[in-house]
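Structure record follows, encoded as structure tokens.
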């Protein structure tokens, strides 16, 4: 005869998967020549109900990288909002100005409370 095995379930808060949300800016131009662009902002709103912020990531794609030809700074990181600002430096090569463009990205991971 078989013996019934008791199935152990995880507590509800551990049985729920994390939530991941992301946002992308459109392409933003760098400054003219070697000048800096204006400050751009990219953010995410409030955490989903029942979740709290676990991790937030920010990066650029395109002609710029944070810390090189772009300044990137986190403004807010909490359950109400994740907000970053960035600005892009232009490039001047061989006396001719060339417009540069980059797109910003945010990915936020929320965990169940």
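Residue numbers (this note's numbering): 13 to 125. We treat Cβ as the ideally placed atom computed from N, Cα and C, and that holds for glycine. All values reported here derive from a predicted model rather than from experimental measurement.
_Alpha carbon of residue 124 to alpha carbon of residue 98, nearest angstrom_ = Counting from 1 along the chain shown, the entry for residue 124 is found at position 112. Counting from 1 along the chain shown, the entry for residue 98 is found at position 86. As the crow flies, the alpha-carbon of residue 124 is around 30 Å from that of residue 98.
Practice item. Check whether the Cβ atoms of residue 96 and residue 113 lie closer than 8 Å to each other. Key: Locating residue 96 in the chain shown gives position 84, counting from the first residue. Locating residue 113 in the chain shown gives position 101, counting from the first residue. Going by C-beta atoms, residue 96 is not nearer than 8 Å to residue 113.
Notebook entry, point to check: Nearest-angstrom Cα distance between residue 46 and residue 111?
Noted result: Indexing the chain shown from 1 puts residue 46 at position 34. Indexing the chain shown from 1 puts residue 111 at position 99. Taking the straight line from one Cα to the other gives about 10 Å.
- prompt: Which first and last residues belong to the beta strand (DSSP E) in which residue 47 is found?
  reply: In the chain shown, counting from the first residue as 1, residue 47 sits at position 35. DSSP places residue 47 outside any beta strand (DSSP E), giving it a letter other than H or E.
Exposure label - residue 54; buried when at least 16 CB within 10 Å:
In the chain shown, counting from the first residue as 1, residue 54 sits at position 42. Around the beta carbon of residue 54, 16 or more other beta carbons lie within 10 angstroms, which makes this residue buried.
If distances are taken between C-alpha atoms only, which option among 34, 81, 117 and 74 comes closest to residue 48? What you label residue 48 is simply residue 36 of the chain shown in a count that begins at 1. Of the listed residues, the one whose Cα sits closest to residue 48 is 81.
Next on the checklist: Suppose the cutoff is 8 Å on Cβ atoms and the five residues either side in sequence are ignored; what does the same chain contact list for residue 67 look like?
Outcome noted: By one-based count along the chain shown, residue 67 stands at place 55. The beta carbon of residue 67 is closer than 8 Å to those of 120 and 121 in its chain, skipping five residues each way along the sequence.
Note to self: So, for residue 91: in the same chain, excluding its five sequence neighbours on each side, which residues have a beta-carbon less than 6 Å away from its beta-carbon?
What the structure shows: By one-based count along the chain shown, residue 91 stands at place 79. Exclusion of the five residues before and after residue 91 leaves 59, 64 and 65 as the residues of its chain whose Cβ lies within less than 6 Å of its Cβ.
With DSSP as the reference, please indicate the residues paired to residue 117 in a beta bridge.
-> Against the chain shown, residue 117 aligns to sequence position 105. For residue 117, which the question treats as bridged, DSSP gives the partners 36 and 71.
Check your understanding: What residue range is occupied by the uninterrupted beta strand (DSSP E) comprising residue 88?
Key -> Walking along the chain shown from the start, residue 88 turns up at place 76. Counting along the chain, residue 88 sits inside the beta strand (DSSP E) bounded by residues 82-89.
* Within the same chain, show all residues whose beta-carbon is closer than 8 Å to that of residue 115, passing over the 5 residues directly before and after it, in chain order. => On the chain shown, position 103 is the one that residue 115 refers to. A distance below 8 Å between beta-carbons, with the five flanking residues on each side excluded, links residue 115 to the following residues of its chain, in chain order: 36, 37, 38, 39, 40, 72, 73 and 74.
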